[in-house]
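Protein chains in written order, with our numbering: chain A, 1 to 137; chain B, 1001 to 1137. Ideal Cβ positions, reconstructed from N, Cα and C, are used throughout, including at glycine. All remarks here apply to the structure that follows.
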């Protein structure tokens, strides 16, 4: 197995609303059949699909809550963290941690999307962000 | 917010065991302080960190179960799906769906890692996989 991740599928209670949320953040749908929504995201893909369908497809039990995965979006500047959090709140997301200094010398905050999926928005001065958005450790 | 995802953090009950699982699949740790483990994964990063720490960091309640996110790894051939599933089982993962034809003309199966995070392993003849592992819709 090569060291890469091709697709992250976010299970949603209402795919149409979830799509509107990400589009309100400025994302543009790359492909959809109105059942699943695919966003090309750099070298990989982020998808939205019915949460129950994702559970059935993976043959897992859905407890209904948070499941131990967090997503992160690395910004180019510390100021951008606050502006992305503000965008997310305006789009209907929930800020669970407002922007603040981190122990590693960065600046970050967290929003939840409409389905409770956690996104940390972080500026990390120790990580290299390419012009194309790629992150290199 | 640009259309990209920088980091996926998989919460783990035992980061050392989780690291050994991914290393048994052939992944190599890019950076660790023995608290968090980072794997460079193409244009982004996959991290392992204590599940309770991930929950606290994101200010979410951890219900202990599956939380509506599935990961996927796209293979170059259909045969590779079965070999990756076999690798995952040998490393201590759980196969929840054995390899089989999909409705979209591909071939896929699913394994869970030691913490129950679902990975679909799929060959999708309609998606373009670059030499560097990048996926383009």
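Test: residue i CB closer than 8 Å to a CB of chain B
| i | result |
| --- | --- |
| residue 107/A | no |
| residue 117/A | yes |
| residue 133/A | yes |
| residue 7/A | yes |
| residue 128/A | no |
Test: residue i CB closer than 8 Å to a CB of chain A
| i | result |
| --- | --- |
| residue 1017/B | no |
| residue 1114/B | no |
| residue 1136/B | yes |
| residue 1062/B | yes |
| residue 1093/B | no |
| residue 1180/B | Past the edges of chain B, shown from 1001 to 1137, lies residue 1180/B, and the structure says nothing about it. |
| residue 1120/B | yes |
| residue 1002/B | yes |
| residue 1098/B | no |
Distance CB(residue i)-CB(residue j) smaller than 8 Å
| i | j | result |
| --- | --- | --- |
| residue 58/A | residue 1110/B | yes |
| residue 120/A | residue 70/A | yes |
| residue 108/A | residue 42/A | no |
| residue 1106/B | residue 1117/B | no |
| residue 1114/B | residue 68/A | no |
| residue 1076/B | residue 1012/B | no |
| residue 129/A | residue 1031/B | no |
| residue 55/A | residue 1066/B | yes |
| residue 63/A | residue 1063/B | yes |
| residue 984/B | residue 6/A | Residue 984/B is absent from the structure shown; chain B starts at 1001 and stops at 1137. |
Those residues which DSSP pairs with residue i across a bridge
| i | result |
| --- | --- |
| residue 4/A | Paired residues: none, contrary to the question. |
| residue 48/A | 10/A and 37/A |
| residue 1062/B | 66/A |
| residue 54/A | According to DSSP, which records beta bridges pairwise, residue 54/A is partnered with nothing at all. |
| residue 83/A | DSSP lists no partner for residue 83/A. |
| residue 32/A | 37/A |
| residue 135/A | 129/A |
| residue 1015/B | Answer by DSSP bridge pairing: none, since residue 1015/B is not bridged. |
| residue 1111/B | 1095/B and 1119/B |
| residue 78/A | The partner list for residue 78/A (beta bridge, DSSP) is empty, contrary to what the question assumes. |
Contact belief for residue i with residue j at Cβ below 8 Å, rounded distance in angstroms
| i | j | result |
| --- | --- | --- |
| residue 144/A | residue 29/A | Here chain A covers residues 1 to 137 and nothing more, so residue 144/A does not appear. |
| residue 15/A | residue 48/A | 5 Å |
| residue 1025/B | residue 1/A | 4 Å |
| residue 1085/B | residue 1096/B | Contact doesn't hold; Cβ gap of about 10 Å is too wide. |
| residue 1040/B | residue 39/A | Between residue 39/A and residue 1040/B the Cβ distance is about 22 Å, and since that is not below 8 Å, they are no contact. |
Residue i Cβ short of 7 Å to the ligand NAD heavy atom set
| i | result |
| --- | --- |
| residue 1019/B | Judged by which ligands are present, the structure shown has none, so any question about the ligand NAD falls away. |
Output needed in chain order: residues of the segment 1025-1046 of chain B with a Cβ under 9 Å from some Cβ in chain A. 1025, 1026, 1027, 1028, 1030, 1031, 1038, 1039, 1040, 1041, 1042, 1043, 1044, 1045 and 1046
Taking any Cβ of chain A, which residues in the segment 1064-1090 of chain B have a Cβ under 8 Å from it, in chain order? 1064, 1065, 1066, 1067, 1068, 1069, 1070, 1071, 1072, 1073, 1074, 1084, 1087 and 1088
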